[in-house]
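A.B. asks:
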Amino acid sequence: MHNKHSWAEPYKIKMIEPIVMTTKEFRQKALKEAGYNTFLLRSKDVYIDLLTDSGTSAMSDRQWAGIMMGDEAYAGSRNFYHLEKTIQDYYSYKYIVPTHQGRAAEHMLSQILIKKGDYVPGNMYFTTTKLHQEMAGGTFVDIIVDEAHDPDSLYKFKGDVDLNKLQKLIDKVGAEKIPYVSIASTVNMAGGQPMSMANLKALRQLTNKYGIKIMHDMTRIAENAFMIQLNEEGYADKTVSEIVYEFNLLTDGATMSAKKDALVNIGGFLAVNDYDTFDKARNMVVVYEGLHTYGGMAGRDMEALAIGIKESVQDDHIRARVGQVFYLGQKLLDMGVPIVKPVGTHGVFLDAKAFLPHVSQDKFPAQSLAAELYLDSGVRAMERGVVSAGRNKKTGEHNYPKLELVRLTIPRRVYTQAHMDVIAESVQRVFEKRDSINGMKMIYEPEYLRFFQARFEKL
Ligand code: F0G
29 MHNKHSWAEP YKIKMIEPIV MTTKEFRQKA LKEAGYNTFL LRSKDVYIDL
79 LTDSGTSAMS DRQWAGIMMG DEAYAGSRNF YHLEKTIQDY YSYKYIVPTH
129 QGRAAEHMLS QILIKKGDYV PGNMYFTTTK LHQEMAGGTF VDIIVDEAHD
179 PDSLYKFKGD VDLNKLQKLI DKVGAEKIPY VSIASTVNMA GGQPMSMANL
229 KALRQLTNKY GIKIMHDMTR IAENAFMIQL NEEGYADKTV SEIVYEFNLL
279 TDGATMSAKK DALVNIGGFL AVNDYDTFDK ARNMVVVYEG LHTYGGMAGR
329 DMEALAIGIK ESVQDDHIRA RVGQVFYLGQ KLLDMGVPIV KPVGTHGVFL
379 DAKAFLPHVS QDKFPAQSLA AELYLDSGVR AMERGVVSAG RNKKTGEHNY
429 PKLELVRLTI PRRVYTQAHM DVIAESVQRV FEKRDSINGM KMIYEPEYLR
479 FFQARFEKL
């Protein structure tokens, strides 16, 4: 089914957006002005933008046609009903509350289900997810398998939960203090690593025993399903769409940042199967987002999303999407560049600790590496290390994650194979001069999600 032929894209290009290459002197200045934080660069100064795969997808002509079919009624837009039915049909969830993006759904879910003093175990943290859990009074507990913290482990399902870690937590704090297990497909901070169906089934059995819910961050579910199809026994002959449905059925609800998998530039939702949680969320959404039949999206956005969901689970689409990421990953592996293995689905993650072994973690190696890469070629990447991990709530110390990574995130349907070659060549140049790269010091630090706006100086 796969691997037999090229991953070539199942589409052709109808419209282009010009991008420009800048000079090194120009980038030097731009980088300094941005406080050596790639989030603070202006996009016009970027050549190839690998900051994120979030909201950066190219929409199809079908989606753009859907935009023209926007029903901008305040209440009861027909696009909402199309979206609702699509989520029910393709994702299995029963009740839907639209939001403007993922974190708004995380906010509502956390406020509704988490009480002060609760614990929320998850397969590694995600920045916004964890913050909302904490703001609701909960404590996040990492229960992902140990392999996920090792960039060199070749384990195929690094998104799996370690059930012993969950059992230990239940024994220690009691099931009544655990409102739900928070699972993400795929695990962003681990390098875009998938969770297996077998592991989710086992997790379902264990949580059922204690009446604990499973809440699913389904931001990259189609990519996760593709990895199950590729690598998990018994799934080679199922379609990605079937696998997505089966996976979701094992969970009680989901938050979605539709800006990734679902191929839109803005949008998200909370979806649950129990009426009580839905009722509370529907009540809350009108305070923070908008009426429950648009929740922060225009009618046209909901239409583009409904169409995007259907496109996102097509086998030929997802094979080409992940195939492009694999192409870049393999190229870097062949060059001997240290990256997280196996290659994940939404990007290639440089292992900054191995790349810059002479830069200690308190000097922000991943942040420094991302800055160097921009300086070399105008390629913009993102830090996923100590800056992203923030500080310990109690001690105020930096959290020092095992993984200190630079994420080369590949937008969907945007760049070509030649762009992948340019990226790999730039990484190789930076790798060759790695000894000359020193760390940085943080000179401005915001209180929440500091990686977005922190500023640095070169050491
Ligand atoms: N969950 C995961 C796994 C994510 O990757 C993101 C966003 C969110 C939730 C939050 O969704 O941005 O729509 O509010 N990740 C982006 C990224 C920002 O670049 O990885 P949001």
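Sequential numbering from 29 applies to the sequence shown in my numbering.
Glycine is no exception: its CB is placed at the ideal position from the N, C-alpha and C atoms.
Please read all numbers here as calculations on a predicted model, not as lab measurements.
#1: Rounded to whole angstroms, what's the CA-CA distance from E61 to F297? Just pull it up for me.
#2: What's the C-alpha gap between R131 and Y316?
#3: Ignore the nearest five residues each way along the sequence and tell me which others in I240's own chain have a CB closer than 7 angstroms to its CB.
#4: Could you name the residues, in chain order, whose CB is less than 6 angstroms away from a heavy atom belonging to the ligand F0G?
#5: Straight-line CA distance for I140 to D146?
#6: Could you please give me the residues that DSSP links to K430 through a beta bridge?
#7: Within 10 angstroms of the Cβ of M29, are there 16 or more other Cβ atoms? Answer buried if so, exposed if not.
#8: Would you list the residues sitting across from G375 in a DSSP beta bridge?
#9: Using 9 angstroms as the threshold, is the C-beta distance between L431 and G187 below it?
#10: Let me check one thing: in DSSP terms, what residues is S520 bridge-paired to?
#11: Out of N227, L258, N259 and A212, state which residue places its alpha-carbon closest to the alpha-carbon of M246.
#12: Are there 16 or more other CB atoms within 10 angstroms of the CB of D379, so buried, or fewer, so exposed?
#13: Should L397 and F383 be called a contact, given that it needs their Cβ atoms to be closer than 9 angstroms?
#14: Check R202 in the structure and name its three-state DSSP category.
#15: Scan the segment 197 to 257 and note each continuous beta strand (DSSP E) run of 3 residues or more that stays entirely inside, going in chain order.
#16: Just reading off the alpha helix (DSSP H) that K469 is part of, what are its end residues?
#17: Assign F392 to one of two classes, buried (16 or more other C-beta atoms within 10 Å of its C-beta) or exposed (fewer than that).
#18: Considering just the uninterrupted stretch of the alpha helix (DSSP H) at T80, what are its terminal residues?
#19: Applying the 10 Å Cβ sphere with the 16-neighbour rule, what's the burial state of N227?
#20: Taking M468 and E485 to be in contact with their CB atoms under 8 angstroms, please state how far apart those CB atoms are, rounded to whole angstroms.
#21: Cβ of M163 less than 9 angstroms from any chain C Cβ?
#22: Which residue wins for smallest C-alpha separation from I335, given the options M43, Y75, Y39 and M87?
#23: What does T167 pair with, by DSSP beta-bridge criteria?
#24: Which residues mark the beginning and the end of the beta strand (DSSP E) in which P393 is found?
#25: Can you grab the Cα-Cα spacing for the pair L231 / I95, in whole Å?
C.D. replies: The short version:
#1: What you label residue 61 is simply residue 33 of the sequence shown in a count that begins at 1. What you label residue 297 is simply residue 269 of the sequence shown in a count that begins at 1. Taking the straight line joining both Cα atoms gives about 36 angstroms.
#2: Numbered from 1 along the sequence shown, position 103 holds the residue referred to as residue 131. Numbered from 1 along the sequence shown, position 288 holds the residue referred to as residue 316. Straight-line Cα distance between these residues: approximately 12 angstroms.
#3: To locate residue 240, count along the sequence shown from 1; it is residue 212. These residues qualify, in order along the chain: A203, I206, Y208 and V209.
#4: T80, S82, Q129, G130, R131, F154, T156, T157, A212, N216, D245, T247, S285, K287 and G296
#5: The sequence position of residue 140 within the sequence shown is 112, counting from 1. The sequence position of residue 146 within the sequence shown is 118, counting from 1. Rounded to the nearest angstrom, the two C-alpha atoms are 12 angstroms apart.
#6: Taking the sequence shown and counting its residues from 1, the one referred to as residue 430 is at position 402. The partner list for K430 (beta bridge, DSSP) is empty, contrary to what the question assumes.
#7: Counting from one through the sequence shown, the residue named residue 29 turns up at place 1. With a pLDDT of only 44 at M29, under the threshold of 50, the placement of this residue in the model should not be trusted; the figure read from the coordinates follows. Under this definition M29 is an exposed residue.
#8: Position 347 of the sequence shown, counted from the start, is the residue given in the question as residue 375. Looking at the DSSP assignment, G375 forms a beta bridge with T437.
#9: Indexing the sequence shown from 1 puts residue 431 at position 403. Indexing the sequence shown from 1 puts residue 187 at position 159. Not a contact, by the Cβ cut-off of 9 angstroms.
#10: It is not possible to answer for residue 520, since the shown part of the chain is limited to 29 through 487.
#11: Here residue 246 corresponds to residue number 218 of the sequence shown, with the count starting at 1. With distances taken between Cα atoms, M246 lies closest to A212.
#12: Walking along the sequence shown from the start, residue 379 turns up at place 351. Counting Cβ neighbours within 10 Å, D379 comes out buried, since at least 16 surround it.
#13: Reading the sequence shown from its first residue, position 369 is the one you call residue 397. Reading the sequence shown from its first residue, position 355 is the one you call residue 383. Yes, the Cβ-Cβ distance between L397 and F383 is below 9 angstroms.
#14: Walking along the sequence shown from the start, residue 202 turns up at place 174. According to the sequence as given, residue 202 is Gly; it is not Arg. Residue state, collapsed to three classes: coil.
#15: 208 to 212 and 241 to 245
#16: Within the sequence shown, numbered from 1, the residue matching residue 469 stands at position 441. First-last for K469: M468 to Y472, but that is the beta strand (DSSP E), not the alpha helix (DSSP H).
#17: Sequence index remark: in the sequence shown, residue 392 carries index 364 (1-based). It counts as buried.
#18: As a position in the sequence shown, residue 80 is number 52, starting the count at 1. Careful: T80 lies outside any alpha helix (DSSP H) and carries neither H nor E.
#19: Numbered from 1 along the sequence shown, position 199 holds the residue referred to as residue 227. So N227 counts as buried.
#20: For the purposes of this step, residue 468 is identified with residue 440 of the sequence shown, where counting begins at 1. For the purposes of this step, residue 485 is identified with residue 457 of the sequence shown, where counting begins at 1. Sure, about 6 angstroms apart at Cβ, within 8 angstroms.
#21: In the structure shown, chain C cannot be found, because there is only a single protein chain.
#22: Stepping through the sequence shown from its first residue, residue 335 is reached at position 307. Closest option to I335, Cα to Cα, is M87.
#23: The residue given as residue 167 occupies position 139 in the sequence shown. BP columns for T167 point to Y147.
#24: Taking the sequence shown and counting its residues from 1, one reaches residue 393 at position 365. No beta strand (DSSP E) contains P393, which is instead part of the alpha helix (DSSP H) from P393 to S405.
#25: Counted from its first residue, the sequence shown places residue 231 at position 203. Counted from its first residue, the sequence shown places residue 95 at position 67. The straight-line gap from Cα to Cα measures roughly 40 angstroms.
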